[in-house]
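Numbering (this note's numbering), first residue to last: 6 to 226. Idealized CB from N, CA, C, for every residue including glycine. In this text, all values refer to a predicted model and were calculated from it rather than measured experimentally. Encoded as C-alpha cells, the structure appears first; notes follow it.
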Amino acid sequence: MDWFISPSSVGIIDFPTYLLGVIFTILFPGPNSLYVLTIASLKGWRAGAWASLGIFIGDAILMIGVALGAATLLNSSPSTFNFIRMLGAAYLAWMGYGFIRDGMRRWRRDQTVVTENGGAHYLNALHPLIASLTLSLTNPKAIFFFVSFFAQFIQPGYAHPVHTFLYLAVVLQLVSMTYLAGLIFLGQYFLGFFKKHSRYAAILWLVVGMLLVGFAAKLLL
C-alpha cells in the first residue's frame, strides 16, 4: 500500500502541485463539462449521469491511447491529426447549431422546456452516452495535453513509467468524476426552474450553442 500512501514511490514528482493543476484544469469550462451541465439541467440527472459516463470512458480511452503511443502516431501523421481535429470541430459545430436552432424555436413559441417524453429533437437523436463519448474522442488536442501535463510529474529514469502514468490518470479521473457529479447535482437543481421559466431555458440553449460553436473554432486553431 506504499504506492497509495506515497505517490513518490511510483515515480511521481511533486504530487500536491499535480493535484492542484488537475483541479484548476478540470474547473476551467470546456465542451465536456458544458454538455453535462446542460443535459442535466434540461433532461434530469439520469441523462447527466450517462453523459458523465461517456466522458469518463472517452478520457480513459485517450489516456490509454497516450500510454500506447497515440501521441507519437499523431505527431508522425499530421493528416491523421488534422482529420480528427476537423471531425471534432464539425461535431461541436453541429451540436452548437442544434442548440441555437432549438433555442430560437423555444423563444418564439415560449413552450414548456423539457418533459420526460420531450426535449430537443437533435438531442434525442443521440443517447447522452454516445454524444458525450463522441465529444471526448474527437478532441485530439486532449492527447497532447495528457502527454505534456503528465510528463512534468514523472521522475526521469523511473523503471516503470507506465505505472506512474496510470496513477496520474486515475487521480485525474477521480477528480473529474467528482466535478461532473457536482454539475449533475447543479443541473438537477435548475431542472425545475427551467420547466417553469421557458424563456430562460431558451436563453440557455442559445448561449450554450454559441459557446459550442466557439469551441469548434478554437479546436481548428
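Out of the options, point me to the one whose CA is closest to residue i's CA.
{"i": "Asp64", "options": "Ala174, Gly187, Gln160", "result": "Ala174"}
{"i": "Leu211", "options": "Leu191, Trp55, Asn37, Phe104", "result": "Phe104"}
{"i": "Tyr172", "options": "Ser141, Gly59, Ala72", "result": "Ala72"}
{"i": "Gly35", "options": "Leu225, Leu217, Ala222", "result": "Leu217"}
{"i": "Gly93", "options": "Thr143, Leu25, Tyr205", "result": "Thr143"}
{"i": "Lys223", "options": "Ile66, Thr85, Ala98, Lys200", "result": "Ala98"}
Please list the terminal residues of the continuous alpha helix (DSSP H) segment that includes residue i.
{"i": "Tyr163", "result": "Run containing Tyr163: none; DSSP gives neither H nor E here."}
{"i": "Ile18", "result": "First-last for Ile18: undefined, no H or E at that position."}
{"i": "Phe149", "result": "146-156"}
Going by the beta-carbon positions, is the gap between residue i and residue j smaller than 8 Å?
{"i": "Ser38", "j": "Leu185", "result": "yes"}
{"i": "Arg90", "j": "Leu225", "result": "yes"}
{"i": "Gly59", "j": "Ile135", "result": "yes"}
{"i": "Gly16", "j": "Pro133", "result": "no"}
{"i": "Ile159", "j": "Ile18", "result": "yes"}
{"i": "Gly214", "j": "Gly108", "result": "yes"}
Express the C-alpha separation of residue j and residue i in angstroms, rounding to a whole number.
{"i": "Val41", "j": "Gly192", "result": "8 Å"}
{"i": "Ile31", "j": "Arg113", "result": "36 Å"}
{"i": "Thr43", "j": "Ser13", "result": "39 Å"}
{"i": "Lys146", "j": "Ser57", "result": "20 Å"}
{"i": "Leu209", "j": "Phe170", "result": "38 Å"}
If you measure from the beta carbon of residue i to each beta carbon in chain B, is any gap under 8 Å?
{"i": "Gly74", "result": "No chain B is present in this structure, which holds just one protein chain."}
message: Could you tell me which whole alpha helix (DSSP H) segments of length 4 or greater appear in the stretch 73-109?
response: 75-81
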